[in-house]
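Here is the structure we will look at, set down as structure tokens.
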Amino acid sequence: MDSSSVTCKKLTVIAVLAVLIQVFGLALFVLGFFPVKPALSGFSGVESFYPPGADSAEFQNITNLSDSQLKYLYQELSLVPPLFDRLILMVIDGLPAEFVLGKDGEPPPKSFKEAMPYTQSLLSKGRAIGYHAKAAPPTVTMPRLKAMVSGAVGGFLDVAFNFNTQALLDDNIIVQFLKVGWKLVMHGDDTWLKLFPGMFSRHDGVSSFFVKDTIQVDQNVSRHLVDELSRSDWSLLILHYLGLDHVGHLGGRNSVLMVPKLGEMDEVVKMIDLNSSPTNNNDQGRTLLLVVSDHGMTENGNHGGSSFEETDSLALFIGPTNFGSTSGTPNKANQVDLSSTLALLFGVPIPKNNVGMLMPETFKSLTVDQQLRLLELNSWQLLRLLEAQLPGLVCENFSCDNFRDDGSERTRGYSSLEETFCCLYMKAADLHRSWKSGEEKRSASGDNCHSILMAYHNFLRTASEWLSHRATDKPVGRLIFGVAAMLVSCLILLSLLFLLGKQVFSEQNQQFPSANNDLSWWHLDEVFILVVIVIVVISMGSSSLVEEEQYIWHFMTSSLYLLSLRKVMQHIVTRTEQNTSATLGLKTNNYIQICSIFVILISGRFLRGWHQGGVNWTNLPDISKWLEQGGDTYIKLFQLVSVIILINISLVSLMWSRRSKKNFMTVVSLMHLFPGWLVLHYITKYQDVAFSTGSYDATLMAQVIYVVLGFCSTTIVVAVPWCIPFQNRTLSAPEVQRKAWGLCFRDSAYVIGLSYVYYWSLLQLLLQQPLNSMPVLFLFLQVLASIWFSSGSNQHRRQWVEVAALYYMGMAGHFGLGNTNTLATIDVAGAFIGVLNHSTILSGVLMFIITYASPMLYLLSMVMYNSVKDTSSFIISEKGNIGSLLKRTLGFPCLVPLGMNSILLIAYTIVLLLMRNHLFVWSVFSPKFLYVCAMTVCVCVGVSIVASTVIYISLVLTYREKLHTHTD
Amino acid sequence: MKMKKNDKNGGNAILSVSPLKAITLQPICLLGLGLAFWVPSHICSLDLITHPSQTLRMISVFLAPVVILLYSHLRHDRSQCSYVKAVGRGLLALPAGAIVNALGATILGAPVGFKYFPKTFHWSLLMSLLTFVPAACVFGSSWTDWHRIFARTKASESTDYMISLPAHGAVIGAWFGAWPMPLDWESPWQEWPICVTYGAIAGYLVGLVASLGCIIFCNRQQHLKEE
């Protein structure tokens, strides 16, 4: 071996190092891009009316209170009577606050102002208070609604971890209202129904899908208005108008439809306000009309990003009477402030994860005592949240000597974040306490109470800002460092691959000088492999292609195999032409190759047709829908047939293994047969009951299958290298012995690889939804066929092309099993098979196994792939260097998947960074990124299994050989 | 095997398609294609987008005689094969090539179903006319020639160029034509097989022009050598 080449050890160390760097960079990036904030679970209750740290034991006995009792308890505890009884929340999707309130002290454009005469008159009369409520990016409807009702700026991972369900599980104002016995009604965007399933007593959801419709979508909401306003049974009425957003999407801010649409909204406001004015009928109570928009829009009518135009959303409080002294200038607030404001206005606990502070102008009609009490409640809630996020926050530790200082120096005097918060809070609390104690004397001047208000505002504003920035700010340094680490690891892996390829190429040239001509050219399929990577990387930048990624993989994989077919065809006749006395073996090889390509192509087509996949065309017919219509009996039949065929094929392929002792093969076949039979038994007997009732027997059976599968695979891996007989023991010629060693290696790798693939498929048949059993069989067939295919091609294809083709097929199969790049298709039901106590970790592992069935299958098949590559000639020439053997057999199967995955990972990370303000960043790009991350984990796990298995086999064989020579 | 080799040599000896002939044949072919497109749209007011199946059928009906009759003039083994026989071979190859094309398209993801069957069928007839029929008219069942043209893409003389380049162009064009299909532009032409047909025709035209260029270039080279 010449000095320039990389040794096996070096290669391994560098590759492992590169993978570690990659994982490290990825972790940094993920933590930076998706900040995980410790959200408090559960819902706020009575404790929110006591200062933090109060004994929680006394709150336990209130759990069995009825709705109305709870309501009175809250009123009693809060010491402030609720200002309003009923709430009409009118959401106008996409309305920039500028249209109503103007910008920078300027009035809104004249045409808009004239379009909303009633609203403007309310504003000028002081019956309405308008806010520029700044929304946090992404300015898209669902996260914004969540922010409004929960008061928290949601991170993406919170969404991602609620697989399948879009329901809002965190504490929020809607649930708080429901708890005090409110009846909720919703008309408008069906996002509300997704967020709060089953909570509305009446609802009429409209879809925001038809963007071209600007009329009907709002009429569907308004048609309920007369009826609902005449009723008095509801306490919260949500009206979500989508039309204005659609107008914006169609024609931008200055669309000709905008003015009439604003007029329409003004009519709605007028109608509600006239109807709920106190003179009308008093039995309905005081009604607050809150007109909000979830986000603004750019000049062109788009939204999603973080520009002022997009984040400038409206909050307009319209009460039955004047709000007290209000200045004419519009106020500024954050969108998250709505939740705490509403909670305090209606006398319910503030949601636990709320980061907003109350909007003080809405409380002007209250007495100073009451205002201070509400500020205190809000401060307690924020302090609780701060304590959860800053574990070291214990206010007794800080002396805060300088809290008597001037209020304008808010943060300057304090050394740490914790101290800042504590001192600001304690200053306000102390002032408030002294105010309360001096209250009897009624001597407090206006100046004194003003300073308390200021102190509370200081604390609230500082805490609120810090908390909400924590959720949205992206630490740039960490992101850059993560990307750099991933880039470095990608480059290392690729350069290793390049070095290895060069070395192997030069060795092959020495060995087969005749084939030189054939190898020195770039072949069409090799070029195509690279083209596929480039195309996939480019397609990642387009949201619609990310949604429909399955088309790319299916199309490219079948094109690749059609190219391979063409290549095989080329060689067929060259051989017969060049020497007519060519061995029959080569000819049959070619036929095997052609047949296996057809098997791959046809199974691939079935896999493609099985699930329509994607997002936009899911409703088109496919085989799975067709089967579902056919009924359960057909599905079950298919399932049984696929299990039986799978068992048979594996047994036949086991026999195909060349030379082995009969007894040994019988044992291995039995070990294949038994788990197969168990799975068959499970499917016939338990599968129907497993989902419905979660019966104990079914769970036990599934657990038994897990144990048996685990036991069988471990036994086979451990035992096979010891049991495979060495051939030609009597001959002592070293060359023959090397050859025997090689054959032995190939045999054991074959048996172990086949067992891996077979057991994995069995596990999938158990876990996957019944519809997917046939695709699993097709995947198994594809794996075997591609192994046959590579066994036929010795020197005419470069190894990395074959490995890359396997990787591509794994990706195509991934989508063939019905996976998409949205989180909705993750099979959650299967993740609870055989799990008795709901263990998150176990279910997570099962979910991973189900989702990454196909890529993992192909990675595991690399062991088998190693067995069919003809290494014997190589071993002889290498004089027994085990390192170089491992390098040749393991180098490509491990490095190619790692390298490809690292390219896709770094490319997608950069795409995600570029798209961070895209409209679909949360709905399309981030879920896809999670898939890419999980794929990285999958590749790492698979590659390490393959590498350790092959290393184990060769070590055992070498040891046995040594033992053998010694005994001789 | 030996028979085939002889066959090829014999063919070469007899056949010498003058570039002039090729150059005259190609524009006729082009004209036929243009006519086949023009007639359905202007006389029967059929459009590829609105009536893909009927339009494709019309195109095939107009194109088939042009292609078969023209390429049969170029048949390789003139001593054994009459003009009528060459035409017959072309007619036979039409459905056979259609089956191969349809299978290839299906494997690459063309939709399957009763609704799509007529479209796929007519599209594959057209593809067969662009790819297989000319080769069948010229080479008959000579395996070596087919292999040379389609598997190895080695053209040695002007007829080879005339068959190989447009056929490959049509297939590659159709492959690229499938690209816009999954995009969500919601245009009517993204349906199977409309954009694939456009791609195939475009590729075929490029192939035709390229083959013309190749023929002229080769001819000049040959003249230079002879001089």
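Quick note, the sequences are listed as chains D and G, same order.
According to our numbering, the first sequence is numbered sequentially starting from 53.
According to our numbering, the second sequence is numbered sequentially starting from 1380.
Virtual Cβ for every residue (Gly too), placed ideally from N, Cα, C.
Point to revise | Which residues DSSP lists as bridging V258/D, in chain order | key: D241/D
Practice item. Please determine, among M826/D, I757/D, A881/D and Y910/D, the residue with the shortest C-alpha to C-alpha distance to S838/D. Key: Y910/D
Check your understanding: DSSP three-state call for N1598/G: helix, strand or coil?
Key -> helix
**Study point:** Inter-residue CB distance, G203/D and N405/D (contact presumed, cutoff 8 Å)
**Key:** 7 Å
Check your understanding: What in chain D is Cβ-close to G1483/G, meaning under 8 Å?
Key -> L614
Point to revise | Given R660/D as reference, the closest of I604/D, V132/D and L888/D once Cα atoms are compared | key: I604/D
Review point. Name the DSSP beta bridge partners of R138/D, please?
Key: T339/D
Review point. Below 8 Å between beta carbons: does that hold for T350/D and S358/D?
Key: no
Practice item. Answer with buried or exposed for W774/D, where buried requires no fewer than 16 other C-beta atoms within 10 angstroms of its C-beta. Key: exposed
Review point. Got a sec: is the Cβ-Cβ distance from A567/D to anything in chain G below 8 Å?
Key: Below a pLDDT of 50, predicted positions are generally treated as unreliable, and A567/D, at 49, falls in that range; the measurement from the model is reported next regardless. Answer no: the Cβ-Cβ gap between A567/D and chain G never drops below 8 Å.
Exercise for review: Apply the 10 Å Cβ neighbour rule to Q555/D and answer buried if 16 or more other Cβ atoms are within range, or exposed otherwise.
Suggested key: buried
Exercise for review: Using a threshold of 8 Å, state whether the C-beta atoms of L612/D and L947/D are closer than that.
Suggested key: no
Check your understanding: Skipping 5 residues on each side, what residues in its chain have a beta carbon closer than 7 Å to that of K713/D?
Key -> P777
Check your understanding: F607/D touches chain G at which residues, Cβ-Cβ below 8 Å?
Key -> L1487, G1488 and A1557
Review point. Start and end of the alpha helix (DSSP H) containing I581/D?
Key: L576 to S591
Check your understanding: How would you list, in chain order, the residues of chain D whose beta-carbon sits under 7 Å from the beta-carbon of D1563/G?
Key -> S596 and N668
Practice item. Indicate the three-state DSSP secondary structure (helix, strand or coil) for I290/D in the structure shown. Key: strand
Check your understanding: Where are the alpha helix (DSSP H) runs, 4 residues long or more, that stay fully inside the region 147-200 of chain D, in chain order?
Key -> 150-153, 162-167 and 169-177
Review point. To the nearest whole angstrom, what separates the beta carbons of F164/D and V311/D, a pair I think is in contact under 8 Å?
Key: 7 Å
Exercise for review: Measuring alpha carbon to alpha carbon, tell me which of G1582/G, Q1433/G, I1595/G and Y1577/G ends up nearest K1498/G.
Suggested key: Q1433/G
Point to revise | T514/D to Q433/D span [Cα, whole Å] | key: 14 Å
Review point. Is V400/D helix, strand or coil by DSSP?
Key: coil
Practice item. Please check if any C-beta of chain D sits within less than 8 Å of the C-beta of A1477/G. Key: no
Check your understanding: If we count Cβ pairs, one from each stretch, closer than 8 Å, do we get three or more for the region 1467-1478 of chain G versus the region 588-597 of chain D?
Key -> no
**Study point:** Contact list for G870/D against chain G, beta-carbon separation under 9 Å
**Key:** Correct list: empty, because the minimum Cβ distance to chain G is about 16 Å.
Practice item. Counting only the same chain and skipping the five closest in sequence on each side, list residues whose C-beta sits under 6 Å from that of L617/D. Key: I649
**Study point:** Neighbour-count burial assignment, H347/D, 16 or more Cβ in a 10 Å radius
**Key:** buried
Check your understanding: Who are the Cβ neighbours of Q851/D in its own chain at under 6 Å, not counting the five residues just before and after it?
Key -> F944
Practice item. Give a yes or no on whether 8 Å exceeds the smallest Cβ distance from L653/D to chain G. Key: yes
Review point. Can the beta-carbon of L615/D be found closer than 8 Å to that of F580/D?
Key: yes
Review point. Should the region 1510-1517 of chain G be regarded as contacting the region 1534-1550 of chain G, the criterion being three or more beta carbon pairs within less than 8 Å?
Key: yes
Check your understanding: How should T414/D be labelled, buried or exposed, when 16 other C-beta atoms within 10 angstroms of its C-beta is the threshold for buried?
Key -> buried
Check your understanding: Is L342/D closer than 8 Å to F369/D when the C-beta atoms are compared?
Key -> yes
Check your understanding: Tell me which same chain residues have a C-beta within less than 8 Å of the C-beta of Q127/D, skipping the five on either side of it?
Key -> P133, P134 and G399
Exercise for review: Can you grab the Cα-Cα spacing for the pair T419/D / L131/D, in whole Å?
Suggested key: 12 Å
Point to revise | Buried/exposed call for S176/D, threshold 16 Cβ in 10 Å | key: exposed
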